[in-house]
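In short: position in the sequence shown from 1, add 250, done, that's our numbering. Here the structure is laid out as structure tokens; the discussion comes afterwards.
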Amino acid sequence: MAKVCIICEKEVSAGHAVMEDPILGTMRAIKRATRTAKNNTLMVCSSCVGEYQKKRAAFERTFATYLVIAAVFVIALVAFPLFTTGFSIGSLVLGLVFGAFILVIPVLSSYSPRVEGIGPLPAKGEPAASAKEVKKGREGAKKGKRK
Ligand SMILES: [Zn+2]
């Protein structure tokens, strides 16, 4: 099995392994069914780590947005009959189906799996090193001065 970087799509000898998840499993099952599976081991090579982090962060943001839209849809479809005709199992099912469809959009357009050993991008204004540690250090220095 060849190891292929999911960002530059080149064959690589080493890198960070992509973590298996239900979405990748589903994609692989579809590829197998359509006989387009390549059976490559998915990796992120060391020169693509930054690019991968950006993609993953973008996907997480997009997914979170769609999750809110889906939740609003489901709640609206379930709540609406409560005020009119009473609880309806039909609209609950419809809401869940709609919600699932909405969540499929970001997955199809920008899915980026989790990768072993690569964390998320550090938040803006926060250095990569733990900010808490820095704070502790400063407090310690203050205490030292008081003494
Ligand atoms: Zn690469």
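Heads up, the beta-carbon is just placed ideally off N, CA and C, and yes, glycines get one too. These figures come from a predicted structure and were not determined experimentally.
When DSSP labels each residue in this structure, what does residue i get in the three-state scheme?
| i | result |
| --- | --- |
| H266 | strand |
Is the Cβ-Cβ distance between residue i and residue j less than 8 Å?
| i | j | result |
| --- | --- | --- |
| E301 | I257 | yes |
| V322 | G345 | no |
| I273 | Y361 | yes |
| K260 | T291 | no |
| L371 | A307 | yes |
| V328 | L317 | no |
| C295 | G265 | yes |
| I368 | V299 | yes |
Quick one: using the 10 Å Cβ neighbour count with 16 as the cut-off for buried, is residue i buried or exposed?
| i | result |
| --- | --- |
| G336 | exposed |
| G340 | exposed |
Could you say which of the options lies nearest to residue i if we only look at CA atoms?
| i | options | result |
| --- | --- | --- |
| V365 | R282, S338, T284 and K305 | K305 |
| V354 | I368, T315, P370 and N290 | T315 |
| D271 | L358, P363 and V347 | P363 |
| S297 | V318, M251 and C255 | C255 |
| P356 | V318, G367 and T312 | T312 |
| V268 | M293, L317, V347 and V328 | M293 |
| A351 | F333, I339 and A320 | Looking at the sequence shown, residue 351 is not Ala but Phe. Checked all of F333, I339 and A320; the closest Cα to F351 is A320. |
| F348 | T284, A326 and M251 | A326 |
Fully enclosed by the region 256–320, which beta strand (DSSP E) runs are 3 residues long or longer? Contiguous beta strand (DSSP E) elements confined to the region 256–320 occur at 291–294, taking only those with 3 or more residues.
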